[in-house]
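**Student:** Right, I'll just put the structure down here and ask away after.
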Amino acid sequence: MTAAPTVAGTGDRAGAGAASARGPVRPDRSSRRRSRGTVVVYAILLGFVVLYLYPFLVQVVTSFKTDTEAVASPLSLVPQTWTTAAYERLFLRSDFPLWFTNSVVVTVCVTLGRVFIDSLAGYALARLHFRGRGVVFALLVAVMAVPGVVLLIPKFLVLNQLGIYDSYAGLIIPLLADAAGIFIMKNFFESIPRSVEEAARIDGAGTFRTYWSIVLPMATPALVTLVILSFQGSWNELSHFIVAAQSPELATLTKGVAGLAAGGLGQGSQFPLKLGAAALMTVPVAILFFVFQRRIMNTVTGAVKE
Amino acid sequence: MSTATTARVPRPAPAPDGGRTRRSRIHGREGAAGWTFITPMVVILGLFLAVPILMAAWVSVSDWSGRGSPLSSEVDFVGLENYRQLVAGGGLATQDFGTALRNNAWYVLLVVPLQTTLALFLAVLVNRKVLRGRGAFRTAFYFPSVTSSVAITVLFLFLFSASGAVNRFVGFLGVDGPNWFADARGVVHLALSAVGVDSGPAALTGHGFLGITWWEWLSGPSIAMSVLVLMAVFTTSGTFMLLFIAGLQQISGDVEEAAMMDGATAWQRFRLVTLPMLRPTLFTVLTLGLIGCWQVFDQVYTATQGGPAKTTLTPAYLSYQASFEQQDWGRGAAIAFVLFGIIVAFAAFQRWVLRERTTVPRRRRFVPTGVAAATSARGAGGAPDSGAAVAATDRRTTEPEEER
Numbered sequence: 001m002t003a004a005p006t007v008a009g010t011g012d013r014a015g016a017g018a019a020s021a022r023g024p025v026r027p028d029r030s031s032r033r034r035s036r037g038t039v040v041v042y043a044i045l046l047g048f049v050v051l052y053l054y055p056f057l058v059q060v061v062t063s064f065k066t067d068t069e070a071v072a073s074p075l076s077l078v079p080q081t082w083t084t085a086a087y088e089r090l091f092l093r094s095d096f097p098l099w100f101t102n103s104v105v106v107t108v109c110v111t112l113g114r115v116f117i118d119s120l121a122g123y124a125l126a127r128l129h130f131r132g133r134g135v136v137f138a139l140l141v142a143v144m145a146v147p148g149v150v151l152l153i154p155k156f157l158v159l160n161q162l163g164i165y166d167s168y169a170g171l172i173i174p175l176l177a178d179a180a181g182i183f184i185m186k187n188f189f190e191s192i193p194r195s196v197e198e199a200a201r202i203d204g205a206g207t208f209r210t211y212w213s214i215v216l217p218m219a220t221p222a223l224v225t226l227v228i229l230s231f232q233g234s235w236n237e238l239s240h241f242i243v244a245a246q247s248p249e250l251a252t253l254t255k256g257v258a259g260l261a262a263g264g265l266g267q268g269s270q271f272p273l274k275l276g277a278a279a280l281m282t283v284p285v286a287i288l289f290f291v292f293q294r295r296i297m298n299t300v301t302g303a304v305k306e
Numbered sequence: 307m308s309t310a311t312t313a314r315v316p317r318p319a320p321a322p323d324g325g326r327t328r329r330s331r332i333h334g335r336e337g338a339a340g341w342t343f344i345t346p347m348v349v350i351l352g353l354f355l356a357v358p359i360l361m362a363a364w365v366s367v368s369d370w371s372g373r374g375s376p377l378s379s380e381v382d383f384v385g386l387e388n389y390r391q392l393v394a395g396g397g398l399a400t401q402d403f404g405t406a407l408r409n410n411a412w413y414v415l416l417v418v419p420l421q422t423t424l425a426l427f428l429a430v431l432v433n434r435k436v437l438r439g440r441g442a443f444r445t446a447f448y449f450p451s452v453t454s455s456v457a458i459t460v461l462f463l464f465l466f467s468a469s470g471a472v473n474r475f476v477g478f479l480g481v482d483g484p485n486w487f488a489d490a491r492g493v494v495h496l497a498l499s500a501v502g503v504d505s506g507p508a509a510l511t512g513h514g515f516l517g518i519t520w521w522e523w524l525s526g527p528s529i530a531m532s533v534l535v536l537m538a539v540f541t542t543s544g545t546f547m548l549l550f551i552a553g554l555q556q557i558s559g560d561v562e563e564a565a566m567m568d569g570a571t572a573w574q575r576f577r578l579v580t581l582p583m584l585r586p587t588l589f590t591v592l593t594l595g596l597i598g599c600w601q602v603f604d605q606v607y608t609a610t611q612g613g614p615a616k617t618t619l620t621p622a623y624l625s626y627q628a629s630f631e632q633q634d635w636g637r638g639a640a641i642a643f644v645l646f647g648i649i650v651a652f653a654a655f656q657r658w659v660l661r662e663r664t665t666v667p668r669r670r671r672f673v674p675t676g677v678a679a680a681t682s683a684r685g686a687g688g689a690p691d692s693g694a695a696v697a698a699t700d701r702r703t704t705e706p707e708e709e710r
């Protein structure tokens with residue numbers, strides 16, 4: 001050990017890998033090192049998977065524990081006594097069903113509206129020639145750059161002025177068009193060959209007819225993307241609902257559960273109740289995610305596969 | 307970047323027989339149709355994006371108290387009074403604003419590098435060619451990003467409660483975890499007091515900026531804010547990982563191979579080949595991260611309402627609180643505008659910084675080959691350079707091209 005320091009200093013990094021691999025045959029070394037590297041990569045990745053998914057497992061499991069057990073053994077993945085008390089309370093003695101209904105209503109309306117309005121606008125910006133198109137497009141880019149949080153108070157002011165504060169209209173209408181969705185549709189329509197439309201036009205179809213029965217059906221992949229993004233976006237929206245309404249009858253899931261987190265349903269930590277609510281509000285998005293995961297991830301990345 | 311240019315080029319490859327006369331005849335009809343098509347969008351975006359900004363601009367220079375219409379004659383113009391109170395009033399308003407800026411600045415300083423590094427790290431690992439189950443890993447890492455911020459916050463409130471999962475876990479390692487969400491001590495102050503420095507020098511405690519002393523500016527994020535930092539990294543790294551993976555897949559294998567032939571080690575290849583070619587993606591990730599980080603609202607609203615001791619107060623939440631809870635609408639609107647200015651300034655600054663570097667000659671050498679290789683690798687060509695968002699959906703539609 002006394003002679004070691006000089007060697008250890010230089011050999012430390014290589015030593016770990018080479019010491020055991022120094023063995024018999026030379027050419028073997030690189031492939032063995034590669035396989036060892038792969039094992040390390042898998043180990044790291046699996047570690048991260050646990051880190052990323054364990055919290056969600058704990059969330060679901062804890063919602064079936066009793067209040068005391070949730071506090072006493074927060075890490076365990078098997079409840080000592082299974083109970084659905086949290087869910088009974090949520091469904092029978094809280095506003096949870098109302099929040100859920102409101103979220104569904106708002107999300108469906110917003111999604112339908114966005115699909116229609118965004119694709120119309122996207123088509124016009126991609127294909128139709130009209131005076132002011134450049135200006136409209138520039139304004140759209142500018143508007144997209146405004147951070148959403150900055151608009152919270154301004155939005156309330158306008159809703160109030162229009163007299164639709166604290167109504168379904170106030171919850172839904174401001175979300176009906178989004179610049180990002182318009183961009184997706186515009187880019188997609190630009191990728192469709194023009195010849196198809198020109199053929200339709202020669203046959204005498206009007207602009208709307210061409211759009212509705214020729215171009216739109218071809219845009220199904222982009223429309224699905226748009227539906228996913230709109231659904232996810234409006235289901236998870238919180239800040240707009242906070243400033244657009246105040247009455248409890250108009251609370252959506254995000255707002256309602258945020259209220260729960262702040263102690264809305266009485267004393268104590270009530271972790272099973274809160275985690276159950278959080279798990280339930282994740283379910284629709286999770287289903288959507290697992291059904292369309294490939295498309296969702298490609299939407300984010302634009303990945304092109306070989 | 308490309309969207310603006312593609313808009314100006316109306317027809318990339320028109321059919322050769324499309325005569326001029328027909329086109330101009332159609333023009334008038336198209337003009338009317340065009341405006342009809344965009345009217346719904348113009349009305350909604352105008353009404354709920356453009357008009358609000360104008361209205362808020364007025365409120366920020368008025369003394370509107372939240373009653374009646376801000377446009378009524380009883381509301382008075384007060385000039386820049388609301389702004390003056392924020393930055394130079396010396397009262398509670400200034401102090402709160404300074405505190406909120408400090409909290410958010412630390413949040414940005416930690417979240418942006420952490421999420422970018424973690425995302426890039428995961429992307430590089432997941433993108434390895436020999437890896438099995440890539441899709442499963444991607445899914446696992448991306449899942450937190452699709453769930454709502456409220457649900458995640460509720461989960462973190464549980465995980466980081468005083469006797470929660472995290473404290474139980476660090477307990478195994480013999481560490482006494484803090485009561486995370488209730489702990490207002492700044493981590494830099496904590497680290498300093500660990501080495502015996504309990505109060506700052508007079509130069510720092512005696513002077514200040516925006517109502518709080520320099521010593522307080524340097525406190526670091528509170529323990530409670532640190533949890534929000536971890537949460538942000540947890541939820542955003544998946545999204546940015548996907549962006550990096552897309553960037554990595556654009557890099558042609560040839561470049562990598564050539565570097566390997568030249569005897570570059572894995573680390574050298576990453577640092578000298580991969581990283582420079584990822585610059586556009588890196589730029590996107592940093593910009594999105596920065597813009598997002600200055601907008602923390604949902605988590606604060608759900609978890610802490612600005613506490614403990616205002617250490618998780620952010621400008622976005624302060625703006626909401628000032629308006630909706632204290633009915634001080636002028637101040638709330640003014641905070642929103644200052645926040646807007648900060649975000650724009652940061653985005654512009656970052657753009658400038660990252661621009662500068664691209665002129666380093668040695669790195670440029672790789673870029674043209676890389677881009678050429680990447681575009682040819684995308685095959686089938688034809689599709690205009692659409693934004694990343696639809697690159698995946700492009701391909702399917704390029705086939706009928708040969709009809710003419």
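Chains A and B, in that order, give the protein sequences.
My numbering numbers the first residue of the first sequence as 1 and each following residue consecutively.
My numbering numbers the first residue of the second sequence as 307 and each following residue consecutively.
Quick reminder that beta carbons are idealized off the backbone N, C-alpha and C, glycines included.
1) What's the C-alpha gap between B/G553 and A/G163?
2) Is there a C-beta anywhere in chain A that falls below 8 Å from the one on B/D604?
3) Which partner residues does B/F652 have in the DSSP bridge list?
4) Are the C-beta atoms of A/L275 and some chain B residue less than 8 Å apart?
5) My understanding is that B/V533 touches B/W486, with C-beta atoms under 8 Å, so please give their C-beta distance in whole angstroms.
6) Listed in chain order, which residues of the stretch 343-355 of chain B have Cβ atoms closer than 8 Å to some Cβ of chain A?
7) Looking at chain B, is there any beta carbon in it that lies within less than 8 Å of the beta carbon of A/W235?
8) If you count every other CB in all the chains shown that lies within 10 Å of the CB of A/S191, and 16 or more means buried, which is it?
9) For B/F383, does the three-state DSSP call read helix, strand or coil?
10) How big is the Cα-Cα spacing for A/P221 and B/A622?
11) Using a Cβ cut-off of 7 Å, pull out every chain B residue sitting near A/K155, in sequence order please.
12) Report buried or exposed for B/R577, applying the criterion of at least 16 other Cβ atoms within 10 angstroms of its Cβ.
13) At least one CB of chain A closer than 8 Å to the CB of B/I518: is that the case?
14) Please state whether DSSP places A/R22 in a helix, a strand or coil.
15) Listing by chain order, which chain A residues have their CB less than 9 Å from the CB of B/L437?
16) Is B/W635 closer than 8 Å to B/V365 when the C-beta atoms are compared?
17) Is DSSP giving B/I557 helix, strand or coil here?
18) Tell me the DSSP secondary structure of B/T519 in three-state form.
19) May I ask you to report which of helix, strand or coil DSSP gives A/G204?
20) Considering only heavy atoms of the ligand COA, does any lie closer than 7 Å to the CB of A/G148?
21) Tell me which residues of the stretch 622-647 of chain B have at least one Cβ-Cβ distance to chain A shorter than 8 Å, keeping chain order.
22) When you compare the stretch 214-231 of chain A with the stretch 98-118 of chain A, are there three or more beta-carbon pairs, one atom per stretch, that lie closer than 8 Å?
23) For A/I270, which residues in chain B fall below 7 Å Cβ to Cβ?
24) Whose CA, out of B/F646, B/Y607, B/F546, B/T580, lies closest to the CA of B/L420?
25) Between the C-alpha atoms of A/R36 and B/W573, what's the straight-line distance to the nearest angstrom?
26) Give the interface partners of B/P450 over in chain A, defined as CB-CB distance under 7 Å, in chain order.
27) Touch check for the stretch 41-55 of chain A and the stretch 442-457 of chain B: three-plus C-beta pairs under 8 Å?
28) Select from the stretch 555-568 of chain B all residues with a C-beta closer than 9 Å to any C-beta belonging to chain A, and list them in chain order.
29) If you drop the 5 nearest sequence neighbours on each side, which residues of the same chain put their C-beta closer than 7 Å to that of B/L549?
30) Taking 8 Å as the threshold (beta carbon to beta carbon), is A/Q232 in contact with chain B?
31) What span of residues does the alpha helix (DSSP H) with A/A219 cover, start to end?
32) List, in order along the chain, the chain A residues whose C-beta lies closer than 9 Å to that of B/A488?
33) What first and last residue would you give for the alpha helix (DSSP H) that runs through B/H513?
34) Report the option in A/D118, A/Y211, A/S103, A/G148 whose CA atom is closest to the CA atom of B/L594.
35) So, is the C-beta of B/A689 closer than 8 Å to a C-beta in chain A?
36) Hey, out of B/V349, B/V417, B/A363, B/I350, whose CA is closest to B/Q601's CA?
**Tutor:** On the basis of the supplied data:
1) 47 Å
2) yes
3) Note: B/F652 sits in no beta bridge, so no partner.
4) yes
5) 5 Å
6) F343, I344, P346, M347, V348, I350, L351, L353, F354, L355
7) yes
8) buried
9) strand
10) 36 Å
11) F354, P358
12) exposed
13) no
14) Low local confidence applies: a pLDDT of 44 at A/R22 is under 50, so the model's placement there is unreliable, with the coordinate-based value given in what follows. Three-state DSSP puts A/R22 in coil, outside helix and strand.
15) T38, V41, Y42, L45
16) yes
17) coil
18) strand
19) coil
20) Absence of the ligand COA is noted for the structure shown, with no ligands found whatsoever.
21) A622, S625, Y626, S629, F630, W635, G638, A639, A642, F643, L645, F646
22) yes
23) Note that residue 270 of chain A corresponds to Gln in the displayed sequence, not to Ile. Near A/Q270 there are no residues of chain B at all, since even the closest Cβ is about 10 Å away, more than 7 Å.
24) B/F546
25) 17 Å
26) Y52
27) yes
28) Q555, Q556
29) T587, T590, V591
30) yes
31) Where A/A219 is concerned, there is no enclosing alpha helix (DSSP H), given that its DSSP letter is neither H nor E.
32) Near B/A488 there are no residues of chain A at all, since even the closest Cβ is about 13 Å away, more than 9 Å.
33) Counting along the chain, B/H513 falls outside any alpha helix (DSSP H), and DSSP gives it neither H nor E.
34) A/G148
35) With a pLDDT of only 30 at B/A689, under 50, the local geometry of the prediction cannot be trusted, and no value is derived from it.
36) B/V417
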